[in-house]
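Read through the structure below, which is laid out as structure tokens, and then see the notes.
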Amino acid sequence: MPLHRGSTGIIQGYSTFYSDRIQPMPMQDKYTPADIERAAQTHWEKTGAARAVEDSTKPKYYCLSMFPYPSGKLHMGHVRNYTIGDVLSRFHTMLGFNVMQPMGWDAFGMPAENAALANNVPPAAWTYENIDYMRTQLKSLGFAIDWERELATCTPEYYRWEQWLFTRLYEKGLVYKKLGTVNWDPVDHTVLANEQVIDGRGWRSGALIEKREIPMYYMKITAYAEELLTELDNLPGWPEQVRLMQKNWIGKSTGVRFAFPLADNADEKLWVFTTRADTIMGVTFVAVAAEHPLATRAAANKPELAAFIEECKKGGVAEADIATMEKKGMATGIYVSHPLTGQEVEVWVGNYVLMSYGDGAVMAVPAHDERDFAFALKYNLPIRQVVAVDGETSFSHEAWAEWYADKQRGKLVNSGKYDGLGYEAAVDAIATDLSAMQLGEKKVQFRLRDWGISRQRYWGCPIPIIHCKTCGDVPVPDDQLPVVLPENVEITGAGSPLAKMPEFYECKCPKCGGDARRETDTMDTFFESSWYFLRYACPDNTTTMVDERVQYWCKGGIDQYIGGIEHAILHLLYSRFFTKLMRDVGLIGDLGEPFANLLTQGMVVAPTFYRDLDGGKKQWINPADVDVVTDEKGRPTGATLKADGLAVVIGGTEKMSKSKNNGVDPQSLIDQYGADTARLFIMFASPPDQSLEWSDAGVEGAYRFLRRLWKTTYDHVQAGLVTACTSSDGLSSAQADLRRKLHQTMGKVADDYGRRKQFNTAIAAVMELLNAFDKCDLKDTAGRALAQETLESIALLLFPIVPHIGQALYVELKPGQDAGTQAFPKADPAALKQDEIELMVQVNGKLRGSIRVAAEADKASIEAAALTSEGAVKFMEGKAPKKVVVVPGRLVNIVV
RNA sequence: GCCCGGGUGGUGAAAUCGGUAGACACAAGAGACUUAAAAUCUCUCGCCUUUCAGGUGUACGGGUUCAAGUCCCGUCCCGGGCACCA
């Protein structure tokens, strides 16, 4: 894959001294991570260990980690993400799969523009430098990545294909233009991202942000809403949580869409959607969004309404802002007729009504909707009860009660011919009547909105459209693609630089040849990340977007996808959407869902510390610069800055971020202890799907464990290599116990890596094994063979997590052998056999002792043994057992 | 506000299908080795008590069960997402 610079391949300049050392020099007595890591990495480079080649004779395993944004250097979340991916990749290689683990760069985005503003570097130069540095960091962590498949989304070789796809979708009507709402900074004259709006003000200018409507391009994701929803049920390899989040996001609701004819002109209608059509007789007003045409019309001759609408347009466009702000409204003076009663109902403008959902208007039933109730109380609007629940207290017009909105138990009242009907019957009857009047019908409504992809920013993929006065919007023809983003620009923070570059936007219309203007908006960066995983299958193809190799790697879905839980909705939904779009455009056949198995790793969090500055701002202080004072129980009581010894405030524990200055640099960890310690610690600290609370303590422990493993293996190698034990015959009983534990551990670790994806418990199991190993006398011949078997196995069991030391130890134990190409250790059933087992004895559910019984003892003899055991006799106090519960292999509970 | 998670010792955590709560580590304390320190090794380590034993304990309050960290109902607290951050 040609990149603009820093193209990949063999690491240059590494010493070849260690690379030929498959046959080792005498083993060093000290664990020296720098040396063994360099040696192992050089060896893998030379042997092409991570190269992925299509091979129909082996089952494939495509292991994908979410590609990083090249922000400058790796952060702890990256290390966690890619270590998980690497463990699974290496484990599956050892299981005999043909593994592909690719890597690339999600290289467009705002931080590059922010950096350009701060440091006066063009975003492209900044991005490519970051990529070069971060690639080196990834390599130093020893990930088995096929670097020949590397891609960066900011290269024309990549983004030309999404421009191509865009023009196809535009022709099919799956991309279209309409007005969209953006945050407008009136001082900087620029559009701001939600992230750049802090407390309703622009992040740079401090100006109050306004909502503004501008033309934007949209992807018709709603056309796929139903499929995106139903396919969620075919994703057993996804966390239930993520499927539920997507389900709620798509938000299918069935209800009724109906119209209120305007009172003074029945031909004109105000359409609304409701899931509570049963309460239609309780409508006392209608509320529309500030952007609704009726609101605009009413405001034309009502200055105070116009002012209110302007006020509604202040503040952010984020749903959270809208939901938490005070609900306000104003009457328009426009009346509509109730479709069933003909009664006049006033139209209000409400700041809580979203123009982007449904028709931008809602019927209001204060009696049976909590928000409407509060609104009616505030503005003295009528409240009309139309649903009653048997056995509930009488309806109060002053205070809301939960049962008012109960659609399970409710029966209609005060609703004429609908009285007595329950929710479903009432909705059916009302929908039928509205339909007969041609004023409405049942409708499925999705919360999912079409995806606005236009960004008024520079560092992104140019939208391939040409605006012509005579021909309108014309897609850029294939032979003029790609529309290359100019890379040497000045970023000023006010507006897009592209809109100030006539050499970019001045062009000819491809249809009529007349003067035309090129679109200067770029695409949402989610566009790039919605299909990169398909491009990894064929990154070198210069003639098509994707080719048949996608079938090999992606058929049935990518085998494992790993990434942050923060992407649970948008990125994963858009990627699923793209896979279906590309199928329908005929690009990839039917692969099914793109990600068969999904692992959402938790965030890496750390404590925050700060000092209050003037003007309500906070100065965030890095945890590394702080001493935490604790009481005698270790609870933190305060913190001081190392530099001046004065107090700082302890903030919450939050995701590591630049803005909170609570990041810990993984590089310092790697420099000090090596990649294996970093990998081991991060996998040991908590299970992958939970958030990982960072603490420097513990890293030392991981390093100590590796040192101890090294020393233990060294001592064994010094005493001379022997052939590994293959049977428990001739072992002492303590040795047989150790061998049983060894084989139990093999099963446990394979299950933890493969099925459970709980790496912390796998590591703990190996630690237990090493503890047992140290306690066992292995000096005799049989013991030496068992030691050989155990140490060889440990090197392989840990290899996926700590591959460098795993490789080095294995080479010492089995000269000439390569750990990464060995089969993963498999438990021998014969070694697991046990003659006698221990069962716990409970009396009334409390632990009172234990018994040892033969492994195949029957229930009666277990009961007898339990009833006569010392603890049972003592606590039964001579009473007769009422019941005895035997849980095989676990315990006996005697109830007296 | 809505949606989704989480809450277990001084700390990170384990307990996989309702069956021994605290595995494995970190920190701390005591001891051994050492001229000394580091490293290493051994032991102690939820809380309470009358300590060769017993009580109690998984955010809080209820419930189901022979048995609940685990299941059910309610409450509190913490974290994440909410469509232009990636």
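Numbering (my numbering), first residue to last: 1 to 896. Every residue, glycine too, gets a C-beta built ideally from N, C-alpha and C. No experiment lies behind these values; they were computed from the predicted model shown.
Is residue 649 closer than 8 Å to residue 610 when the C-beta atoms are compared? Here residue 610 corresponds to residue number 610 of the first sequence, with the count starting at 1. Here residue 649 corresponds to residue number 649 of the first sequence, with the count starting at 1. A contact, by the Cβ cut-off of 8 Å.
Taking residue 285 as the reference, give the member of 307, 382, 275 and 201 with the closest Cα. Locating residue 285 in the first sequence gives position 285, where the first residue counts as 1. The shortest CA-to-CA distance from residue 285 to any of 307, 382, 275 and 201 is the one to 382.
Give the DSSP bridge partners of residue 137, in chain order. Within the first sequence, residue 137 is the residue found at index 137, counting from 1. BP columns for residue 137 are empty, so no partner.
Leaving out the 5 sequence neighbours to the left and right, which residues in its chain are closer than 7 Å to residue 521 when beta-carbon positions are compared? Here residue 521 is taken as the residue at index 521 of the first sequence, counted from 1. Correct list, in chain order: 454, 455, 456 and 463.
Where the beta strand (DSSP E) through residue 520 begins and ends: Position 520 of the first sequence holds residue 520. No beta strand (DSSP E) holds residue 520; DSSP gives it neither H nor E.
Does DSSP put residue 693 in a helix, a strand or coil? Mapped onto the first sequence, residue 693 falls at position 693. Strand, per DSSP.
Residue 861 (DSSP reduced to helix, strand or coil): On the first sequence, position 861 is the one that residue 861 refers to. Reduced to three states, the DSSP call for residue 861 is helix.
Could you check the C-alpha separation between residue 809 and residue 558 for me, to the nearest Å? Against the first sequence, residue 809 aligns to sequence position 809. Against the first sequence, residue 558 aligns to sequence position 558. Distance between the alpha carbons of residue 809 and residue 558: 33 Å.
Hey, is the region 505 to 523 in contact with the region 471 to 490, meaning 3+ C-beta pairs nearer than 8 Å? In this structure the region 505 to 523 lies against the region 471 to 490, because at least three pairs of beta carbons, one per stretch, are closer than 8 Å.
Determine, using beta-carbon pairs with one atom in the region 383 to 394 and one in the region 407 to 422, whether at least three such pairs fall under 8 Å. Taking 8 Å as the limit for Cβ pairs, the verdict is that the region 407 to 422 does touch the region 383 to 394.
Proximal residues to residue 222 (C-beta, below 8 Å), its chain only, five neighbours per side dropped: Indexing the first sequence from 1 puts residue 222 at position 222. Around residue 222: 446, 448, 449 and 450.
Of the residues 841, 870, 862 and 854, which one's Cα is nearest the Cα of residue 895? Reading the first sequence from its first residue, position 895 is the one you call residue 895. Taking only the C-alpha atoms, the option nearest residue 895 is 841.
Beta strand (DSSP E) containing residue 839: first to last residue? Translated into the one-based positions of the first sequence, residue 839 becomes position 839. Unbroken beta strand (DSSP E) run through residue 839: 836 to 843.
By how many angstroms is the C-alpha of residue 102 removed from the C-alpha of residue 51? One-based indexing of the first sequence puts residue 51 at position 51. One-based indexing of the first sequence puts residue 102 at position 102. One C-alpha to the other measures close to 9 Å.
Rounded to the nearest angstrom, how far is the Cβ of residue 76 from that of residue 666, given a contact under 8 Å? Here residue 76 refers to the residue found at position 76 of the first sequence. Here residue 666 refers to the residue found at position 666 of the first sequence. So it is a contact: roughly 5 Å between Cβ atoms.
Expressed to the nearest angstrom, what Euclidean distance is found between the alpha-carbon atoms of residue 55 and residue 718? Within the first sequence, residue 55 is the residue found at index 55, counting from 1. Within the first sequence, residue 718 is the residue found at index 718, counting from 1. Between the alpha carbons of residue 55 and residue 718 lies a gap of roughly 42 Å.
Looking at C-alpha atoms only, which residue of 272, 530 and 349 is the closest neighbour of residue 444? For the purposes of this step, residue 444 is identified with residue 444 of the first sequence, where counting begins at 1. Residue 272 holds the alpha-carbon nearest to the alpha-carbon of residue 444 among 272, 530 and 349.
Starting from the C-beta of residue 164, find all residues in its chain whose C-beta is less than 6 Å away, skip the five residues before and the five after it, and write them out in chain order. In the first sequence, the residue the question calls residue 164 occupies position 164. 481.
Buried or exposed (CB count within 10 angstroms, at least 16 for buried), residue 676: Here residue 676 refers to the residue found at position 676 of the first sequence. Counting Cβ neighbours within 10 Å, residue 676 comes out buried, since at least 16 surround it.
Within the continuous beta strand (DSSP E) that includes residue 216, where are the two ends? Stepping through the first sequence from its first residue, residue 216 is reached at position 216. Note, residue 216: beta strand (DSSP E), 210 to 219.
Return the CA-CA distance between residue 41 and residue 140, expressed in angstroms with no decimal places. As a first step, residue 41 is located in the first sequence; it is residue number 41 there, counting from the start. As a first step, residue 140 is located in the first sequence; it is residue number 140 there, counting from the start. Answer to the nearest angstrom: the Cα atoms are 8 Å apart.
Is there contact here, the region 277 to 293 with the region 351 to 365, by at least three beta-carbon pairs under 8 Å? Yes, the region 277 to 293 is in contact with the region 351 to 365.
How would you call residue 437, buried or exposed, if buried means at least 16 neighbouring beta carbons within 10 angstroms? One-based indexing of the first sequence puts residue 437 at position 437. Result: exposed.
Considering only C-alpha positions, which residue in the set 290, 291, 293 and 252 is nearest to residue 275? In the first sequence, residue 275 corresponds to position 275, counting from 1. Taking only the C-alpha atoms, the option nearest residue 275 is 252.
Inter-residue spacing [alpha-carbon to alpha-carbon] between residue 674 and residue 668: Your numbering for residue 674 matches position 674 in the first sequence. Your numbering for residue 668 matches position 668 in the first sequence. Rounded to whole angstroms, residue 674 to residue 668 spans 9 Å at the Cα level.
Who are the near neighbours of residue 728 in its chain, counting only those whose CB is closer than 6 Å to its CB and skipping five residues on each side? Here residue 728 refers to the residue found at position 728 of the first sequence. Answer for residue 728: 736, 739 and 831, listed in chain order.
When the Cα atoms are used, what is the spatial distance from residue 150 to residue 368? Position 150 of the first sequence holds residue 150. Position 368 of the first sequence holds residue 368. About 57 Å.
Limits of the unbroken alpha helix (DSSP H) element including residue 611: On the first sequence, residue 611 is found 611 positions in, with the first residue counted as 1. Per DSSP, residue 611 belongs to no alpha helix (DSSP H); it is in the beta strand (DSSP E), 604 to 612.
Residues in the same chain with beta-carbon distance under 8 Å from residue 126, minus the five sequence neighbours each way, listed in chain order, please. In the first sequence, residue 126 corresponds to position 126, counting from 1. Once the five neighbours on either side are set aside, the close Cβ partners of residue 126 are 112, 115, 116 and 119.
Residue span of the beta strand (DSSP E) that contains residue 178, given as start and end: On the first sequence, position 178 is the one that residue 178 refers to. Looking at the DSSP string, the run of the beta strand (DSSP E) that includes residue 178 is 175 to 185.
Put residue 238 into one of helix, strand or coil per three-state DSSP. Along the first sequence, read from residue 1 onward, the residue named residue 238 stands at position 238. DSSP places residue 238 in the coil class of the three-state scheme, outside both helix and strand.
Expressed to the nearest angstrom, what Euclidean distance is found between the alpha-carbon atoms of residue 190 and residue 210? The sequence position of residue 190 within the first sequence is 190, counting from 1. The sequence position of residue 210 within the first sequence is 210, counting from 1. So the two alpha carbons sit approximately 11 Å from each other.
Whether residue 642 touches residue 626 by CB criterion (8 Å): For this step, residue 642 is matched to residue 642 along the first sequence. For this step, residue 626 is matched to residue 626 along the first sequence. Contact: yes.
Run of the beta strand (DSSP E) containing residue 599, from where it starts to where it stops: Translated into positions along the first sequence, residue 599 becomes position 599. Looking at the DSSP string, the run of the beta strand (DSSP E) that includes residue 599 is 598 to 601.
Apart from the five residues just before and just after residue 586, which ones in its own chain have a Cβ nearer than 7 Å to its Cβ? Walking along the first sequence from the start, residue 586 turns up at place 586. For residue 586, where only same-chain residues beyond five positions count, there are no Cβ hits under 7 Å.
Threshold first: 3 residues or longer. Then list the beta strand (DSSP E) segments lying entirely within the region 328 to 383, N to C. 329 to 337, 344 to 350 and 361 to 364
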